[in-house]
Amino acid sequence: MDFKLNAKGWADSEYLNNLVKEYNSCHGEKNKSKKVAILIEIHIFSKNLYDDLHENDNPIENYWYAEYIRSYPELMNQISIELQKLEHPPILGLAAEKSSAPLSTINTSVPTTNEWVQKTTPKFRKRGEHYQCIDALLDKVQSTKETASLSKNSQDIERYCNTLAELQSKCVYQLASLSHKNLATQKYRTLLLEVSYELNHWAQELQKKSGEYKTRLNRAHELLGNTFYSSDISSLITLRNDLGDSESCTIANFQLNKLAGGNTKVWLASHSENDEKFLIRWMNKADLKPSILNRVSSNPEIRPYLTEEYIHYPAGVFQETVSCVISVGEFCDNGSLIKELEAINKKGAQSNQLIDNALDKTKQVASFIDVLAKNQLCYPDIKADNFLVNKNGDVVVSDLKFIRPIDENQCIIGKFHTTYECAAPEYTDQPLARDKINTESYTSYQLGVLFYELLAENIGDARLKFLSNLKTASANKNPISALNFDTPVFQSDAGQMAKSLITKCMSTDPATRPKINEILTDIQEIQNKRTEMKEHKSIIMKEILRQMKKNPEEESLCINFSKS
């Protein structure tokens, strides 16, 4: 490998350069496994290093980050090339998914905890802490493997893969700490190799790594002309300049048109010869923390609520201070919940259709919020614009920058931003105490606003006026005054139940708002009521048909339907 990171005075840079030197010093077939292990170590160490630098914002680390990402594309490219030379499959998550190298047939497996203890216990000395520290993680690996092997369920398989990836990172961390201990280094590299083979094997079981996803992943790289993995770093600069502030441009047979240009710049990329579409995002690195991205994208319970993201990559440093990240992901033709509501409105939807759609979509958003909370996360900017509808009709989230971690008291850790028009009164009332806001009661309020919007059918200028009135009413501690419950959709039994739920959610007293699980229960009760009324109507219609067949001379039958 012809690679050297030039960042004087930086210990991590020196360590990475030494790993490359060690790799280059290995020769011959007998050192093939060692070379693969070192490549894997280089890849994971460099990826973790990027995440750590991305996560922090102090000036010195920002300088190192700037230096590092100039070299990062070349490093990833060289790792990919070296792996192919060694006839080794790509490392999970590396940009070499297009490699046709077959999985190795090496007969190896991750040791159990007992086997690891035996391998790392000296005959005449006490077993070292540097070996004991992964015992619990090996237990977790064994447990998740047993579950995945029995169920063959994709979520269980993914949990196992996530645990293996966690063990991979732990091995690399230990290797960096034990570089002066030759025997320990050898044992950990052997373990790292075993874990990596196991991870590659099980990754093939995941639907995400095959079929349509892999095809679109390859096309996403084609869209960017493989820029991020090219040995010519100038192509990255060219791409950055081509996008920049352009309203439109053409790249690799894709027509790019800007959709948004605020803190996050967004382009729609449409292929010139087929109907393929992607969404390209260009964002400040401070808005997308790897710790959050990794938590949500690797969680099998959260990911069904996310759009597919194919590439996340550092895209350069601007004005010496602003670092950017670029992503290529799924584009949802159905658009946001507001766009879907506009489509329903154009078709002349009846009240029953509005209620069914609002119940379904609000329930999906509430379920997403519930899953996040169970993983100590929240989404404090719930509004119809931020949720998309994918091709299956499911509600998904595309912009992850709004997801924030919460503490044991359900308060947001660090700063958070929201849309003022949809903000609960406590957000605008006490700007200096926002870190004390209970996120469950806060999102309960926003779910009430969302539910109302999907029922009230306010679109276009009417929606802008409603949101303006809501902002004023909320500031005056009376948000309900901005709502209009006189429309036909609220006059049915189900509509009255919906009104009751919205009123509870939008209470000015956070303590009286329903919890997320209570909102889900109430929505289910309204849906049950709708089902009950549909069945009742069906019975009546059948009776009408029976009477008409029995008395064909009757000109008409008058049936008085009860409210639904």
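Going by this note's numbering, the first residue of the sequence shown is number 1, and it counts up by one from there. Note that CB positions come from ideal geometry on N, CA and C, so glycine has one too. Computed from a predicted model, the values in this text were never measured in an experiment.
First through last residue of the beta strand (DSSP E) which encompasses residue i
i: K265; result: K265 to H271
i: C249; result: S248 to I251
i: K383; result: Segment: none, K383 is in no beta strand (DSSP E) and carries neither H nor E.
i: N284; result: K277 to N284
i: V396; result: V395 to V397
Residue closest to residue i, alpha-carbon to alpha-carbon, out of the options
i: E273; options: I292, N253, I280 and K265; result: N253
i: C26; options: E115, L5 and E82; result: E82
i: K152; options: Q524, E309, C171 and A203; result: A203
i: N284; options: G9, N18, S246 and H54; result: H54
i: E308; options: I382, K391 and L337; result: K391
i: I360; options: E525, I44, L483 and Y23; result: For the sequence presented, residue 360 should be read as Asp rather than Ile. That would be E525, whose Cα lies nearest to the Cα of D360.
i: T508; options: S441, L455, L545 and I251; result: S441
i: L183; options: F124, K119 and Q353; result: K119
i: H201; options: I157, T112, K537 and D139; result: I157
i: Q364; options: L16, L450, S154 and R216; result: L450
i: I292; options: L16, A220, G414 and E247; result: G414
Whether residue i touches residue j by CB criterion (8 Å)
i: L199; j: L164; result: yes
i: Q447; j: T521; result: Correcting the residue identity first, residue 447 is Leu in this sequence and not Gln. Going by C-beta atoms, L447 is not nearer than 8 Å to T521.
i: R70; j: P300; result: no
i: S492; j: S351; result: yes
i: P425; j: S468; result: no
i: P380; j: T428; result: no
i: Y197; j: Q174; result: no
i: K277; j: A269; result: yes
i: E67; j: A7; result: yes
i: L337; j: V396; result: no
i: R434; j: N375; result: no
i: T250; j: L256; result: yes
i: I480; j: M506; result: yes
i: I355; j: L483; result: no
Backbone CA spacing between residue i and residue j [nearest angstrom]
i: I326; j: Y65; result: 15 Å
i: I42; j: F368; result: 36 Å
i: D399; j: T121; result: 49 Å
i: S169; j: L279; result: 30 Å
i: A373; j: F416; result: 16 Å
i: E97; j: N218; result: Because the pLDDT at E97 is just 33, under 50, the model does not fix this residue reliably, and the point stays unresolved.
i: H340; j: N334; result: Sequence inspection shows Glu at residue 340; the His mentioned does not correspond to that position. So the alpha carbons of these two residues sit roughly 6 Å apart.
i: K549; j: N345; result: 37 Å
i: C332; j: D407; result: 33 Å
i: S13; j: G128; result: 28 Å
i: Q142; j: K477; result: 54 Å
i: K534; j: V489; result: 16 Å
i: D2; j: A176; result: 21 Å
i: E330; j: C378; result: 22 Å
i: W582; j: P304; result: There is no way to answer for residue 582, as the model of the chain reaches only from 1 to 564.
i: Y445; j: L464; result: 19 Å
i: I459; j: A358; result: 14 Å
i: T419; j: A384; result: 11 Å
i: Q132; j: A148; result: 25 Å
i: I311; j: R281; result: 10 Å
i: F402; j: D287; result: 8 Å
i: K4; j: E74; result: 10 Å
i: I382; j: F45; result: 36 Å
i: N48; j: E342; result: 44 Å
i: Y50; j: E421; result: 37 Å
i: I519; j: T443; result: 11 Å
i: G348; j: I540; result: 25 Å
i: K34; j: K21; result: 13 Å
i: G37; j: N31; result: The sequence shown places Ala at residue 37, not Gly. Distance between the alpha carbons of A37 and N31 is about 10 Å.
Nearest-angstrom beta carbon gap, residue j and residue i [assumed within contact, 8 Å]
i: E194; j: V110; result: 5 Å
i: L137; j: E166; result: 7 Å
i: I516; j: A366; result: 6 Å
i: I79; j: L39; result: 6 Å
Residue range of the unbroken alpha helix (DSSP H) whose run includes residue i
i: R295; result: P290 to S297
i: K34; result: K32 to E55
i: P425; result: P425 to D429
i: M497; result: D493 to C505
i: L359; result: S351 to K374
i: C171; result: S154 to S177
i: K4; result: No alpha helix (DSSP H) contains K4, which DSSP labels as neither H nor E.
i: N200; result: N182 to A203
i: D135; result: D135 to S151
i: N345; result: L337 to K346
i: R463; result: D461 to A475
i: K569; result: In the structure as shown, the chain starts at 1 and stops at 564, and residue 569 therefore has no counterpart that could be examined.
i: T443; result: T439 to A456
i: K119; result: T113 to K119
Residue-level contact to chain C via CB, residue i, 8 Å cutoff
i: N31; result: Absent from the structure: chain C. Only one protein chain is present.
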